[in-house]
Amino acid sequence: MKMFFTPYVRIVFYFCALIFIVYSFSDFFQGVPDSTFFSAVITLLVIGTIVARHLDRKKSLKNTSQI
1 MKMFFTPYVR
11 IVFYFCALIF
21 IVYSFSDFFQ
31 GVPDSTFFSA
41 VITLLVIGTI
51 VARHLDRKKS
61 LKNTSQI
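Written as structure tokens, this is what we have:
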């Protein structure tokens, strides 16, 4: 389980949590419907996690090829 929560994936999770906190306690997103907001956050979470996992895999392959 520790391998899944790499630093890039954690950054994506923290960013999504920050957006959710801003949505909850601010009037900035007041005009956005709940379903649209949550769909956008889930999409960002999924795509961000995929990109983060790709970057981690690319970084680990670079490190193993240098050895």
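5 is the number that the UniProt record's numbering gives to position 5 of the sequence shown; each next residue is one higher, with no gaps. For each residue, glycine too, the CB sits at the ideal point set by N, CA and C. Bear in mind that the values here come from a model prediction, so they are computed numbers and not experimental data.
Legend entry - Cα-Cα separation, F37 to V22: If I take the Cα positions, the gap works out to 12 Å.
Legend entry - Beta carbon of V12 nearer than 7 Å to that of T49: Contact flag set, yes.
Inset, instruction - Taking only the alpha-carbon atoms, compute the straight-line gap between F5 and C16 and give it to the nearest angstrom. - result: The alpha-carbon atoms of F5 and C16 are separated by roughly 14 Å.
Inset, instruction - Output the distance between the C-alpha atoms of M3 and I19, rounded to the nearest integer angstrom. - result: Each residue's CA atom was taken as its position, placing M3 and I19 some 25 Å apart.
Inset, instruction - Assign V9 to buried or exposed, taking buried as 16 or more other Cβ atoms, counted over all protein chains shown, within 10 Å of its Cβ. - result: By the 16-neighbour rule on beta-carbons within 10 angstroms, V9 is buried.
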